[in-house]
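Numbering-wise, the sequence shown is residues 10 to 96 according to the numbering used here.
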Amino acid sequence: MLRSLWLSSEALQQVARRTIYSSARRQVDNKVPLKQKAFQEDNGMPVHLKGGSVDALLYRTTMALTILGAGYVVYELVKAAYPQKKD
């Protein structure tokens, strides 16, 4: 029983290894020069927004979370500055 389980496990490993190592590599286009050209273009736009709408969304989300976080910190500081009521 254990021997057959061991043999099937080894066979499965061998098939998986053969599949991984014998598969053809995909050719990936190098898009770095195109991105460099787009980001180095002098069009008056800040570099942190040159990535398009996704960058704008990330920027606005980050700014909103920063403002909300700063507001919450101020709220907690004001709350901690006043003594608690003993009712």
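Every residue, glycine too, gets a C-beta built ideally from N, C-alpha and C.
- Secondary structure note for Glu85: its alpha helix (DSSP H) is the uninterrupted segment 62-90.
- Of the candidates His57, Leu77, Val37, Ser18, His57 places its Cα closest to the Cα of Tyr68.
- Annotated three-state conformation of Gln36 is coil, per DSSP.
- Per the coordinates, the alpha-carbon of Ala47 lies some 37 Å from the alpha-carbon of Gly80.
- Rounded to whole angstroms, the separation of the alpha carbons of Ala25 and Ser18 is 11 Å.
- For the pair Gln45 and Asn39, the Cα-to-Cα distance works out to about 11 Å.
- Between the alpha carbons of Ser13 and Gln36 lies a gap of roughly 41 Å.
- If you look at Val56, you'll find it isn't in any alpha helix (DSSP H); DSSP assigns it neither H nor E.
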